DNA sequence: GTCTATATGCCGATAGAC
DNA sequence: GTCTATCGGCATATAGAC
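Chains as they are written, first to last, in my numbering: chain A, 1 to 204; chain B, 1 to 204.
Dropping the structure here:
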């Protein structure tokens, strides 16, 4: 019988999210996704033109929830911006302790699709990371941090670098080290405008 | 006819390196590797127990050449340690302009194998990154940088974070931003011992 | 140590009924 | 909009000859 197409599509994307994030893109077949979504493969191909199309939809659906989670983390921490960013990294460290945590879905997709430079899913990942960076840049600008665009890029690099190393070593302490680096960079970009305060707040 | 087994094995690993690094692990079949190596699939399975075994051998073979390339880069740059590290990131930016560059083979393998936490290739990647970190730590320690272990972790995070973002956005400038961050962190960890010099060399 | 030939199964995608 | 059934291809891995 005919059902609500939008609801079916949503269930397919939810099943794809669990499987693609949990096991990778190439490792998961459309059969498994259809089965998990409770539909047949033919129905999946009614809603999505191809597996590549579904991969893009999977990342699109992750964009706002992922960004929102970090925004909630930052919003729940008290203190100056450097402290709050450092706390955000601490929250990442705690989250990464869960064995179900498998790093950044966007970065992992880009890694797996590196052999196909024109793949639409890579463009989705690029847009997500740029939106994340723009959010950080705005936070830095409002806090009168010097060169906010540069520092925002550096924070993004620290974030994804920490995620990569936690995934490789299964050691969340890399997020703590990255958080300390982030705080140092932010403080340096603030104190630079006054050419260094005398009381050594830089690494305090 | 019988040939030199070690030479055959080497040719298989070389073929695997080109294909695994260029197209990914799951995307490449053993058929393609055997064909590129100029042997049959049966011979490949004489030298390697499984595809997973070959994947581990592929990463093992990348360890020393990868570390050596960065060591050569650092050795070819004049100046203080912060400058030389920053120059190393600049060399990464230049290298990443080549379309054949596809990021870090170790990080990409760990990303693709995230669904199989016990995979031996992940352990190979972990050992490689730890060896890289130990090299950086020794450089920092010899330069009297405070907390060399922490700073070495931060430099590793910056390095792999930069590589991730270059791969996602195809924009080598993330390596330049990461290099500037690395120099700032090193200088901060040196000036900390004197609790900040007055002439603002921190972000110079 | 290397070969030809093959076992066995899953892959993405489609035909056509209702 | 969802179904059953299936196509053609490619996957990893192996049997047995030389």
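Don't be surprised by glycine CBs; every beta carbon is placed ideally from N, CA and C.
All figures in this text were calculated on a predicted structure; none of them were measured in a lab.
Inset, instruction - Please list the residues of the segment 145-156 of chain B that have a C-beta atom closer than 7 Å to any C-beta atom in chain A, keeping them in chain order. - result: Listed by position, the residues of the segment 145-156 of chain B near chain A (Cβ gap below 7 Å) are 150, 153, 154 and 156.
Legend entry - Bounding residues of the alpha helix (DSSP H) (the contiguous stretch that carries residue 80/B): Along the second chain, one-based indexing puts residue 80/B at 80. Here residue 80/B belongs to no alpha helix (DSSP H), and DSSP marks it neither H nor E.
Legend entry - Under 8 Å (Cβ pairs) to chain A, residues found in the segment 167-179 of chain B: 167, 168, 169, 170, 173, 174, 177 and 178
Legend entry - Separation of residue 83/A from residue 147/A, as counted between CA atoms: Translated into the one-based positions of the first chain, residue 147/A becomes position 147. Translated into the one-based positions of the first chain, residue 83/A becomes position 83. Rounded to the nearest angstrom, the two C-alpha atoms are 19 Å apart.
Legend entry - CA-to-CA distance, residue 185/B to residue 203/A, given in whole angstroms: For the purposes of this step, residue 203/A is identified with residue 203 of the first chain, where counting begins at 1. For the purposes of this step, residue 185/B is identified with residue 185 of the second chain, where counting begins at 1. Any reading at residue 203/A must be qualified, since the residue scores a pLDDT of 44, below 50, and its modelled position is unreliable; the value itself is stated next. Note on geometry: alpha-carbon atoms of residue 203/A and residue 185/B lie some 10 Å from one another.
Inset, instruction - Please report the residue range of the alpha helix (DSSP H) in which residue 29/A lies. - result: The residue labelled residue 29/A in the question sits at position 29 within the first chain. Taken as a continuous stretch (DSSP letters only), residue 29/A belongs to no alpha helix (DSSP H), as it is neither H nor E.
Inset, instruction - Run down chain A in chain order and give the residues with a C-beta less than 7 Å from the C-beta of residue 160/B. - result: Reading the second chain from its first residue, position 160 is the one you call residue 160/B. Below the 7 Å Cβ cutoff, chain A contributes 161, 164 and 165 as neighbours of residue 160/B, in chain order.
Inset, instruction - Flag residue 66/B as yes if its beta-carbon sits less than 7 Å from any beta-carbon of chain A, otherwise no. - result: Along the second chain, one-based indexing puts residue 66/B at 66. Answer no: the Cβ-Cβ gap between residue 66/B and chain A never drops below 7 Å.
Inset, instruction - Please name the residues in the segment 117-132 of chain A whose beta-carbon is closer than 8 Å to at least one beta-carbon of chain B, in chain order. - result: For the segment 117-132 of chain A, the beta-carbon criterion of a distance under 8 Å to any beta-carbon of chain B is satisfied by 117, 122, 125, 126, 129 and 130.
Legend entry - Residue range of the alpha helix (DSSP H) that includes residue 165/A: Taking the first chain and counting its residues from 1, one reaches residue 165/A at position 165. First-last of the alpha helix (DSSP H) with residue 165/A: 148-169.
Legend entry - Close beta carbons around residue 56/A, own chain, < 6 Å, minus the five adjacent residues each side: Taking the first residue of the first chain as position 1, residue 56/A is located at position 56. Answer for residue 56/A: 120, 121 and 124, listed in chain order.
Inset, instruction - Give a yes or no on whether the C-beta atoms belonging to residue 151/B and residue 110/B are separated by under 7 Å. - result: Numbered from 1 along the second chain, position 151 holds the residue referred to as residue 151/B. Numbered from 1 along the second chain, position 110 holds the residue referred to as residue 110/B. Taking 7 Å as the cut-off, the Cβ atoms of residue 151/B and residue 110/B do not count as close.
Legend entry - Reference residue 207/B; option with closest CA among 116/B, 31/B, 105/B and 139/B: Any property of residue 207/B remains undetermined from this structure, which presents chain B solely from 1 to 204.
Legend entry - chain A contacts made by the segment 181-193 of chain B, where a contact means CB separation under 7 Å: 181, 184, 185, 188 and 192
Inset, instruction - Could you work out which residues of chain A lie near residue 27/B, taking near to mean beta carbons separated by less than 7 Å? - result: For the purposes of this step, residue 27/B is identified with residue 27 of the second chain, where counting begins at 1. Under the 7 Å cutoff, chain A gives 26 and 115.
Legend entry - 8 Å CB neighbourhood of residue 171/B in its chain, flanking five on each side removed: Within the second chain, numbered from 1, the residue matching residue 171/B stands at position 171. Closer than 8 Å at the Cβ level, and outside the excluded window around residue 171/B, lie 165.
Legend entry - When 87/B, 62/B, 80/B and 79/B are compared against residue 73/B, the one with the closest alpha-carbon: By 1-based counting over the second chain, the position of residue 73/B is 73. Of 87/B, 62/B, 80/B and 79/B, the residue nearest in Cα terms is 87/B.
Inset, instruction - Classify residue 5/A as buried or exposed, calling it buried when 16 or more other Cβ atoms lie within 10 Å of its own Cβ. - result: As a working note, residue 5/A is residue 5 in the first chain. Exposed, since its Cβ has fewer than 16 Cβ neighbours within 10 Å.
Legend entry - Backbone CA spacing between residue 163/B and residue 103/B [nearest angstrom]: Taking the first residue of the second chain as 1, we reach residue 163/B at position 163. Taking the first residue of the second chain as 1, we reach residue 103/B at position 103. Answer to the nearest angstrom: the Cα atoms are 6 Å apart.
Legend entry - Buried or exposed (CB count within 10 angstroms, at least 16 for buried), residue 100/B: For this step, residue 100/B is matched to residue 100 along the second chain. Classification for residue 100/B: exposed.
Legend entry - Alpha-carbon to alpha-carbon, residue 108/A and residue 22/A: Here residue 22/A corresponds to residue number 22 of the first chain, with the count starting at 1. Here residue 108/A corresponds to residue number 108 of the first chain, with the count starting at 1. Spanning the two alpha carbons is a distance of roughly 11 Å.
Legend entry - Min CB distance residue 97/B to chain A below 7 Å: Numbered from 1 along the second chain, position 97 holds the residue referred to as residue 97/B. No, residue 97/B does not count as interfacial toward chain A.
Legend entry - Option in 67/B, 97/B, 9/B and 64/B with minimal Cα separation from residue 40/B: Locating residue 40/B in the second chain gives position 40, where the first residue counts as 1. Of the candidates 67/B, 97/B, 9/B and 64/B, the one whose C-alpha sits nearest the C-alpha of residue 40/B is 9/B.
Inset, instruction - Please decide whether residue 84/B counts as near chain A, where near means a Cβ-Cβ distance under 7 Å. - result: Position 84 of the second chain, counting from 1, holds the residue named residue 84/B. Residue 84/B does not count as touching chain A.
Inset, instruction - Using 10 angstroms around the beta-carbon of residue 42/A, count the other beta-carbons present and answer buried if the total reaches 16, otherwise exposed. - result: To locate residue 42/A, count along the first chain from 1; it is residue 42. With fewer than 16 other Cβ atoms within 10 Å, it is exposed.
Legend entry - Close-in-space but distant-in-sequence residues of the same chain around residue 128/B (CB under 8 Å, 5 per side omitted): Numbered from its first residue, the second chain carries residue 128/B at position 128. Cβ neighbours of residue 128/B beyond the five flanking positions: 59, 62, 63, 66, 67 and 106.
Inset, instruction - Identify whether residue 104/A lies in helix, strand or coil by the three-state DSSP scheme. - result: Looking up residue 104/A in the first chain gives position 104. Coil at residue 104/A, not helix or strand.
Legend entry - Residue range of the unbroken alpha helix (DSSP H) whose run includes residue 2/A: Position 2 of the first chain, counting from 1, holds the residue named residue 2/A. Per DSSP, residue 2/A belongs to no alpha helix (DSSP H) and is neither H nor E.
Legend entry - Extent of the continuous alpha helix (DSSP H) run through residue 120/B: In the second chain, counting from the first residue as 1, residue 120/B sits at position 120. From DSSP, the alpha helix (DSSP H) with residue 120/B extends over 120-142.
Inset, instruction - With hydrogens ignored, establish whether the beta-carbon of residue 168/A is closer than 6 Å to any heavy atom of the ligand FMN. - result: Summarising the ligand content, the structure contains no ligands, and the ligand FMN is consequently not present.
Legend entry - Pairwise C-alpha distance: residue 176/A and residue 11/A: Position 11 of the first chain, counted from the start, is the residue given in the question as residue 11/A. Position 176 of the first chain, counted from the start, is the residue given in the question as residue 176/A. Their backbone Cα atoms lie some 36 Å apart in a straight line.
Inset, instruction - Establish whether the CB of residue 6/B and some CB of chain A are separated by less than 7 Å. - result: Residue 6/B sits at position 6 when you count from the first residue of the second chain. Answer no: the Cβ-Cβ gap between residue 6/B and chain A never drops below 7 Å.
Inset, instruction - Please check if any C-beta of chain B sits within less than 7 Å of the C-beta of residue 19/A. - result: Position 19 of the first chain, counted from the start, is the residue given in the question as residue 19/A. No, its Cβ sits nowhere closer than 7 Å to a Cβ of chain B.
Legend entry - Own chain partners of residue 143/A with C-beta closer than 6 Å, once the 5 adjacent residues on each side are dropped: Indexing the first chain from 1 puts residue 143/A at position 143. 81, listed in sequence order.
Inset, instruction - Assuming residue 29/A contacts residue 114/B (C-beta within less than 8 Å), just tell me the rounded distance between them. - result: Working through the first chain from its first residue, we reach residue 29/A at position 29. Working through the second chain from its first residue, we reach residue 114/B at position 114. That pair is no contact at about 18 Å.
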